[in-house]
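Accompanying notes for the structure given below.
In UniProt numbering, the protein residues as written are 1 to 951.
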C-alpha cells in the first residue's frame, strides 16, 4: 500500500477537489519546489515577509502560466504581436482558469492620460455622446436636426384630413445657365410644373401660382427673368415635386409620398418645403445646419482629445498652451494690488499701470487693499480684464505684444510666459464643435469636471427618451459599473479629467483595479498585488466588499497582501516564508485566519496573535523647530495653515483624497526646493512658507520610482558599496600580478567583463512569435566576467560568487572589511538583507526601490548637514516584521539629526509617530481641512478624525 507523500504543506496522495487550482513543483525565483492548492471561487490571501516568494508564486507562476496558455491558443500569426511569454519553471498547474492580474507597477505618466481614459469611462462617454447627444446651436439655443424622408412623411400624415399639400424644392439657379436651360433640364428629369410665390403673397399667407414648364419655355429669356423676379428678387420660385390631398393613406400612397420626398431631397440638394393649404410653409433639411452654422455630426472621434479630428486645434488636446502664466505675473498672492502684487507693474514707467488701476478701480468699488488670494472669482477677473475705466493685466500685455519690435518688451514678455489654460477650449481639450453636443443639458467636458460621486447622481437622474434609452442601455450599464467601482474603492472625489501624473501611488493602483473589475467577468482568476496600498483603513473595508462581490460572481480572487483586516476577511490564507530570499520560498502555513494564528512556525501568525509586536520607541520626542505652510489652497485644501515639526518622525494621515499628497508633494516639497535654490516643479497655491528653513541643508523626496534605468543596475551599485567590493578584489595578490584595476571587476565597462554578453550573463535570441529565448552566455557560462578575472579569489570566492550572495551572506562573508560592511549594513537594516548583490534593479518592487534609496541615505555620513526626508507611503509591500525594521531606520535617521516626514495610512506607523497631522474629515470637497495636529495618544480622542477610530 502506497504511503502518502507530504511535500511543502500539501498531501499529494490525498484526492484533490476537482474545482481547486493546484500548483506542483514551482521553482520560479526563490521558490523551493513549492506545491500548493488554491481553493476555487474563494477569497484567498497570500502573505509573508517581503521577498518570501509571494509575487513569484502568484504573478510569476500562476498568472504567467495563465497568460501563456491563452497566448498559445492563438495562431502563430497573432502571437507575433503579443508580448513574448516564457513558460514559468513549474511541473504543472491543474484547474487553471482565465487569469487577470492587477500588478503593482507605475502606470502611464503622459500628460494626455486622465482618470477617465485610464478607467475607460471616457471611452464609453464618447460613445454615449456620439449616439444620443443632441447638438444645440450656440446662437439660438435650438436643437440642430437632420431631417429625412420619414420626417416629411410624418408631417404630411399629421395634417388634418382634406388639407392640400404641395411638395416643393428651390428652383435651381446656376450662374452659368439661363432660366430656359434650367427649365429644359427639369423637363428631362420628368418635372412639369413650377410654383411661383411673391413676397406680398407670403406676407398675407396667400397661395402662390402654379405654372406649367412647357408654357414657360415658349416665353423669351427676358420675359422669364421678369416673371421669375430675377432682377428684383421679390419672387420665390419652387419646383413642384408632388401635390396631394391628406386622407387615410394606404400603404401604396405612403410609398409614393416617400419616393416623392426622396426625390425632393435629392433635387433640392438637401432642402425640402411643404406648403399646407397655400398658407403654412414648412422647411426640412437633411444638412446638419442651423443659424447659418454648419455643425459636425456626432461621431466617437469628435470627442477624443487624442485624435486630431476631436482635439482642440490650439492646444492639440493638452488643455494648456504657452501664454501668460498667472503665477509668474502674481508670484505672491498674499499681497494686494496696492502693495505691488502684480509683478510687471513696477518701475518708473510700468508703475503707471498700477497707479491708474488703483485710482480707477478703487472708484469702481474694487478692493485694491485686499490680498489677491482673498479676492472673489469676479474680482480676480476684474483685475485681469479691467473694471470701469481701469485697464487690467490683459490690456497691459496687449500693449506689450504691440511693442515686440523693441527688445526690452520681448524680454519682458518672455519673463511672464508659461503653461496656461487654453483660451480656445477653456481647458476642455476638445474642439468647440464637440462642446455644442449635449446629453441631459451638459456637454462631455462638464461631465469630466464633476467629481465621480456627483457624476453617479447625475447619471441616476438622467432622463432620456425611449429611443435614446434603448440605444444607450448597454453604454450606461458599463459606465455605471465603473463609476460604482470607483466609489467602492474610495475614489469618489476624483474627476474624470484629473491627470494621471497628479495621482498618488494608491490612487493609481485602485484605478487599475476599476478598469479590470468594471468588466464583471465570471469563472476567472483575479490576482491582485497589494490593492490596499494608499488606502485608509476605512476605505479598505469598502475594497474588501468589492473583492467579495467579485468572488460571489463565481471568480477566484487571489490577493497578495499584508493588511490584517484583509486577512481576517479572507476565506483562505497561504503564508510564505519562513524568511526572505534564499531563506524563504516555502509554504509555512495555510488555512483560515485561526489556522494561521495558531501556527507557531508562521511569523505572520505570531504578529497577528500578538505574540510578536512592532517595537515601541518610548515617549514621543519633543520639538522646538518647525516649518509652517500658510494659506494652502491647492486642489481641495481649504486655506489651511500647517506646522511641520523638525528632528522628529512626523506622519501626515487622513482618508484617501483628503489632501495629503497635495499638501506635502505639491506644496511643501517644491516650495522648499525653490527656497533652497534647487530646480523643481511649480508649487501649489499657498500664501507663504516660514519657520526654521535655514536649519535644513536639503530636502529629499524618497518615492517608489525605479532606482536604475539599465538592466545592469543593482542595489549594491546604487548605495556605492560595489566600489568597495571592486577595491577588495583589485588588491588581491593575483590582481596585482596580472595588473587588474578596480575597473576590471565592473560589468559596466569593457576590460574585465565578458565581451560576448557585455556583462549581462545571458544572450537574448528574438523568436518573432515565440517567447524570446534567454541563453546563458556560452563564453562566460553566465558568470559575466572573463576567465582570468574569475581566477582572482577572496576567501576562495570569485567576483561572480560574491554577486550571487544575498546582502546578509555578504555581510558575514566580508566581516573583515569594515568599510564594506558599514556600507552594506543599511540594506540589511531596512529589511533588504534577502536581496542578492547582483540582482537587477528592474526586478525590485516599488517598496523595495524606496528602501534601497533609504539605505543609501543611512549609509552616508553626517557631512551633508540636516536633511528633511519625505516618504510617500513607505510601508508599501511591507510585512509587520519589515515595518519594524523600517521604523528603526527612521529613528536612526532622526538620531543623526535629520527630520522624517511620512505620508502614511498604516496604523502601526501612525501609533509610533512623534507628531501627527490628520487631514480630512472626508475626501475631495469634503476634505482639505486640518482635523488634528498633535500626539498619537490625543488623536484617539478626536471625534472629527476618521483615523482616530483605527488607532
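Here a beta-carbon is modelled for each residue, glycine too, at the ideal position from N, C-alpha and C.
Here residue 119 is buried, its C-beta having at least 16 other C-beta atoms within 10 Å. In the DSSP assignment, residue 277 is bridged to no other residue. Under the DSSP definition of a beta bridge, residue 135 partners with 437. Going by DSSP, residue 329 is part of no beta strand (DSSP E) but of the alpha helix (DSSP H) stretching over 326 to 329. Closest in C-alpha terms to residue 417, from the list 349, 502, 327, comes 327. Within the same chain, and ignoring the five residues on either side of residue 288 in sequence, the residues whose Cβ sits closer than 8 Å to its Cβ are 135, 144, 146, 294, 295, 296, 297. In the structure shown, the three-state DSSP call for residue 312 is coil.
Taking all protein chains in view, the Cβ of residue 877 is crowded by 16 or more other Cβ atoms within 10 Å, so the residue is classified as buried. For the 8 Å CB-CB criterion, residue 902 and residue 649 form a contact. For residue 823 and residue 621, the gap between their C-alpha atoms comes out near 28 Å. Closest option to residue 581, judged by alpha-carbon separation, among 282, 155, 950, 831: 831. Distance between residue 454 and residue 512, taken at the CA atoms: about 21 Å. Contact between residue 543 and residue 535 is confirmed by a C-beta separation of about 6 Å, below the 8 Å threshold. Inter-residue distance for residue 904 and residue 782 is about 42 Å (C-alpha atoms, whole angstroms). Nearest neighbour of residue 827 by Cα position, chosen from 839, 726, 799, 716, turns out to be 716.
Rounded to whole angstroms, the gap between the alpha carbons of residue 801 and residue 758 is 18 Å.
Burial of residue 43 is indicated by the presence of at least 16 other C-beta atoms within 10 angstroms of its C-beta. Boundaries of the alpha helix (DSSP H) harbouring residue 182: 179 to 189, taken from the DSSP string.
CA-CA distance, residue 914 to residue 537, rounds to 21 Å.
Straight-line spacing of the CA atoms in residue 925 and residue 825 works out to 45 Å. In this chain, residue 681 is not harboured by any alpha helix (DSSP H), its DSSP state being neither H nor E. By the Cβ rule, the region 362 to 374 counts as touching the region 331 to 340, because three or more pairs are nearer than 8 Å. By the beta-carbon neighbour count (other beta carbons within 10 angstroms, threshold 16), residue 212 is exposed. Setting aside the 5 residues that flank it on each side, residue 191 is surrounded in the same chain by 239, each with a C-beta closer than 6 Å to its C-beta; the list follows chain order.
Straight across, the Cα-Cα distance linking residue 787 with residue 836 is about 22 Å. Counting C-beta pairs with one atom in each stretch, the region 623 to 634 and the region 661 to 677 have three or more that are closer than 8 Å, which means they touch. Among the bridge pairs identified by DSSP, residue 23 is matched with 36, 93. Here residue 941 has 948 as same chain residues with Cβ atoms under 8 Å from its own Cβ, once five neighbours each way along the sequence are excluded.
Comparing C-alpha distances from residue 890 to each of 856, 921, 923, 918 shows the shortest one belongs to 856.
Only residues of its own chain outside the window of five on either side were considered, and among them 124 have a CB closer than 6 Å to the CB of residue 478, listed in chain order. Spanning the alpha carbons of residue 366 and residue 379 requires a straight line of approximately 7 Å. DSSP, reduced to helix, strand and coil, places residue 794 within a strand of the structure shown. Using a 10 angstroms sphere on the CB of residue 398, the tally of other CB atoms stays under 16, which defines it as exposed. When C-beta atoms of the region 243 to 261 are compared with those of the region 214 to 221, fewer than three pairs fall below 8 Å, so the two segments do not count as touching. Here the region 607 to 626 does not lie against the region 65 to 78, with fewer than 3 beta-carbon pairs under 8 Å apart.
Residue environment for residue 404: exposed (fewer than 16 other C-beta atoms within 10 angstroms of its C-beta).
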